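Novice: Attaching a single structure in structure tokens format; questions to follow.
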Amino acid sequence: MNSSKWSEVQKVAAGKRFASRLTQSYQDPAFRATLRRDKVAVDLSIALAESGQTRQAVADKAGIKISQLSRQLAGDTNLTLDSLGKICEAIGCEFDVVLRQPHEKPALQSWQRTLNRITIVRMAHESDDAKVFQAMWVNKPTVVKNPKMASNEYEFTSRYEAA
Amino acid sequence: MFLLELHHGLLAESFELQTAQHSGWRLVTPCDGDLPEYDKQGGKVLYKLGDIAPICPILREAGDLHAPKYEEFIRLLMKMFSTAQSGQNWPDVMYDQVHEVGRVNVRGISGKIENYVIIQFGKKKNLIRVLAFISAFGRKRAFISHVFEKPANSKTTPKKEIVRAQNNLQEYLNAIEAKNIQLISAQGGKNEFLKMV
């Protein structure tokens, strides 16, 4: 279906259908539950990728079959808290259940907190760093000295609040 | 050529259009036209779901999918958006839900030929697929071509979908070479797009 040749009327009608169906889906408790399951599954998959381990290694540590882990990380199964705990331990992380009002911002995962990471290489004088940094960032970001870098190299990280 | 940057914010009931607020993958898809940043009173436009879909093929075409497939498509989009935030490689996170479906050669206006891998999002057993081109060099950027339903009795990606993806990519690269490309105005227009290239 290539819609590029549709008339404007057809496009607007299709847009309305898309919107009304999405609104309808959001009102369905089963669909909302599926989206929550998917969100947890993707977060776990990202945490696993960030840990640098293979799926097989995590499955072995958690004492489950890799096929079962794959289904869990695809959002196809309803994870129990015990299963979630096993996988988190195998990955090397911990999880919290954070309750909030529907209109409040969700808690951020570690990979969602970093924005605009830049590295300034070879500043002439270390004392200049703070001046440059303040000029570049208005929102008082944290300054992290990266131990892997040379003494005159800094990594600056700005954290943000999700919109 | 106008592009829309895809992220979670676009699937809210109403929203101000912004670019993605994370440092991971930037997902762009072609649009038919621009959307204004400000209304007649000079205020930021508050968009609703139905405002974006008419100019965005990937959303409006999903409006005609059958109910189970429509929900599968929304789930797939949500997973893609969540994965994009991490900046991790797609196959490492989405695992068997991402696979390569072929390579295409694209000739630029300048005559330069580039080879691209077509990536398909969607489980092999499912019917909804999204075709994309990944660019991991420099800034992480993925060009999302279009969505399609795989015929139930077909094991491979239909040829016409590969051709459509190739044509979309060709148009996108030509527009970049001709400097005739931008994100829609409400997402920062040309300036915001320049940050991605």
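Top to bottom, those sequences are chains A and B.
If you're matching positions, the first sequence starts at 1 in my numbering and goes up one per residue.
If you're matching positions, the second sequence starts at 1001 in my numbering and goes up one per residue.
Ideal Cβ positions, reconstructed from N, Cα and C, are used throughout, including at glycine.
Keep in mind the model is a prediction, meaning the values are calculated, not measured.
(1) Taking the continuous alpha helix (DSSP H) assigned at residue 220 of chain A, which residues delimit it?
(2) Secondary structure at residue 1015 of chain B, three-state DSSP: helix, strand or coil?
(3) Quick check on DSSP: helix, strand or coil for residue 1153 of chain B?
(4) Would you say residue 1232 of chain B and residue 1147 of chain B are within 7 Å of each other, going by their C-beta atoms?
(5) In the DSSP output, which residue or residues are listed as bridge partners for residue 1102 of chain B?
(6) Evaluate residue 116 of chain A with the Cβ neighbour count: other Cβ atoms within 10 Å of its Cβ, from every protein chain shown; 16 or more gives buried, anything less gives exposed.
(7) Of all the CB atoms in chain B, is at least one closer than 7 Å to the CB of residue 92 of chain A?
(8) Would you mind telling me which residues of chain B sit closer than 7 Å to residue 21 of chain A, beta carbon to beta carbon, in chain order?
(9) Note down the Cα distance separating residue 50 of chain A from residue 83 of chain A, rounded to an integer number of angstroms.
(10) State yes or no: is the C-beta of residue 1102 of chain B within less than 7 Å of the C-beta of residue 1118 of chain B?
(11) So, is the C-beta of residue 49 of chain A closer than 7 Å to a C-beta in chain B?
(12) Hey, could you find the ends of the alpha helix (DSSP H) residue 23 of chain A is sitting in?
(13) Let's test the definition: count the other Cβ atoms within 10 Å of the Cβ of residue 1113 of chain B and tell me whether it reaches 16, buried, or not, exposed.
(14) For a test of the three-state rule: what should DSSP assign to residue 1029 of chain B, helix, strand or coil?
(15) Looking at residue 1079 of chain B and residue 98 of chain A, is the spacing between their C-beta atoms short of 7 Å?
(16) Anything in the region 1027-1052 of chain B with a Cβ closer than 8 Å to a Cβ of chain A? List those residues in chain order, please.
(17) Under 9 Å Cβ-Cβ, which residues of chain B neighbour residue 77 of chain A?
Specialist: Let me lay it out:
(1) Only positions 1 to 163 of chain A appear in the structure, and residue 220 of chain A is not among them; the question remains open.
(2) Within the second sequence, numbered from 1, the residue matching residue 1015 of chain B stands at position 15. Residue 1015 of chain B sits in a strand when the DSSP states are folded into three classes.
(3) Along the second sequence, read from residue 1 onward, the residue named residue 1153 of chain B stands at position 153. Three-state DSSP puts residue 1153 of chain B in coil, outside helix and strand.
(4) For residue 1232 of chain B there is no data in the structure shown, the boundaries of chain B being 1001 and 1197.
(5) Stepping through the second sequence from its first residue, residue 1102 of chain B is reached at position 102. Looking at the DSSP assignment, residue 1102 of chain B forms a beta bridge with B:1118.
(6) If you number the first sequence from 1, residue 116 of chain A lands on position 116. Confidence in residue 116 of chain A is poor, its pLDDT being 45 and thus under 50, which makes the residue's placement too unreliable to answer from.
(7) Mapped onto the first sequence, residue 92 of chain A falls at position 92. At least 7 Å separates the CB of residue 92 of chain A from every CB of chain B.
(8) Against the first sequence, residue 21 of chain A aligns to sequence position 21. From the beta-carbon of residue 21 of chain A, the residues of chain B found nearer than 7 Å are 1063 and 1070.
(9) Working through the first sequence from its first residue, we reach residue 50 of chain A at position 50. Working through the first sequence from its first residue, we reach residue 83 of chain A at position 83. Cα-Cα distance, rounded: 20 Å.
(10) Within the second sequence, numbered from 1, the residue matching residue 1102 of chain B stands at position 102. Within the second sequence, numbered from 1, the residue matching residue 1118 of chain B stands at position 118. Yes. Within cutoff.
(11) Here residue 49 of chain A refers to the residue found at position 49 when the first sequence is read from its first residue. Closer than 7 Å to some Cβ of chain B, the Cβ of residue 49 of chain A qualifies, so yes.
(12) In the first sequence, counting from the first residue as 1, residue 23 of chain A sits at position 23. Residue 23 of chain A -> alpha helix (DSSP H) spans 8-26.
(13) For the purposes of this step, residue 1113 of chain B is identified with residue 113 of the second sequence, where counting begins at 1. By the neighbour-count rule (16 or more Cβ atoms within 10 Å), residue 1113 of chain B is not buried but exposed.
(14) Counting from one through the second sequence, the residue named residue 1029 of chain B turns up at place 29. Three-state DSSP puts residue 1029 of chain B in a strand.
(15) The residue given as residue 98 of chain A occupies position 98 in the first sequence. The residue given as residue 1079 of chain B occupies position 79 in the second sequence. No, Cβ-Cβ distance for residue 98 of chain A and residue 1079 of chain B is not below 7 Å.
(16) Only those residues of the region 1027-1052 of chain B whose C-beta falls short of 8 Å from the nearest C-beta of chain A are listed: 1032, 1048, 1049, 1050, 1051 and 1052.
(17) Here residue 77 of chain A corresponds to residue number 77 of the first sequence, with the count starting at 1. Result: empty, since nearest Cβ-Cβ is about 14 Å, beyond 9 Å.
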